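In the numbering used here, the protein residues as written are -19 to 245.
For glycine and all other residues, C-beta sits at the position ideal for the given N, C-alpha and C.
As the structure is a computational prediction, the values presented were derived from the model and not from experiment.
Here is the structure we will look at, set down as structure tokens.
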């Protein structure tokens, strides 16, 4: 039952080239930065990453991008990474942009044993009809486009009774490995997240066949209130306890400041 491993390097040592990674975090909040660095140091390449964001230049998944370790990215928001944009537009990286709520539900479905689901999000757009550019060549021509998706009409409640509405079929995501970061965790793999770090980490933890968690504070079994556990240990196979220095290293995606009232300009 003790799932703690000695280091992040040991935790990712058997990660294979070509694997699919589900990576938790929201922006730079709650990203498993130590595990990402361990993947970088291990030299693993040709990876597909599933994450709400793509990191930023020089941090998070941006580190793997800079070294050319990612071949494909499934994400919702990628606007803070210049290297990401360069690779995508020059044909070095395949990108599947997915509506944020749909991405969250695809990951949750993968962890719940649901192969696919219908959603209204994307109906009437290229999300459903296909044609979104997934990959360019070096000349800027689209060489891979999103395929059309199955749609179906269902009766749904409306203000004046049941109405017919169209929905699009979205497939679940199951990753080979999930990397997540928790505020607290115990040796059995039970995890607690804090604030915005709770957005995508629980979903990533669910959809990985192998889930590795880095925890800022490791506690003994029984110390966590069961009512406060966000990810049960059944979803987690490996736990890495961070040092105080590693736990404290957190970056801000965009820092905005103003001059305090009454101070010199």
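Query: Unbroken stretches of the alpha helix (DSSP H), 4 residues or longer, contained in the segment 126 to 188; Result: 181 to 187
Query: Bounding residues of the alpha helix (DSSP H) (the contiguous stretch that carries residue 203); Result: Premise fails: residue 203 is in no alpha helix (DSSP H) and is neither H nor E.
Query: Check whether residue 8 and residue 231 have beta carbons under 7 Å apart; Result: yes
Query: Simplified DSSP assignment, three categories, for residue 83; Result: helix
Query: Contact the segment 107 to 120 vs the segment 68 to 77: 3+ CB pairs below 8 Å; Result: yes
Query: Touch test, the segment 124 to 138 against the segment 190 to 207, Cβ-Cβ under 8 Å, three pairs minimum; Result: no
Query: Three-way DSSP call (helix, strand, coil) for residue 192 in this model; Result: strand
Query: Residue 238 in three-state terms, based on DSSP; Result: coil
Query: C-beta contact flag for residue 166 and residue 204 at 7 Å; Result: yes
Query: Touching by the beta-carbon criterion (3+ pairs, under 8 Å), the segment 195 to 203 and the segment 135 to 155; Result: no
Query: Residue burial classification, residue 94 (beta-carbon count within 10 angstroms, cutoff 16); Result: exposed
Query: Validate contact between the segment 32 to 45 and the segment 9 to 21 using beta carbons, cut 8 Å, 3 pairs; Result: yes
Query: Boundaries (first-last residue) of the beta strand (DSSP E) holding residue 116; Result: 113 to 116
Query: Beta-carbon proximity check, residue -17 vs residue 172, cutoff 7 Å; Result: no
Query: Neighbourhood of residue 56 by C-beta, 8 Å cutoff - its chain only, sequence neighbours within 5 removed; Result: 32, 33, 77, 78, 79, 80, 83
Query: Nearest residue (CA-CA) to residue -8, options 211, 159, 49, 236; Result: 159
Query: Where residue 63 falls, given that 16 or more other Cβ within 10 Å makes a residue buried; Result: buried
Query: Buried or exposed by the 16-neighbour rule on C-beta atoms within 10 Å, applied to residue -5; Result: buried
Query: Element boundaries [alpha helix (DSSP H), containing residue 251]; Result: This structure gives no information on residue 251, because the portion of the chain shown stretches from -19 to 245.
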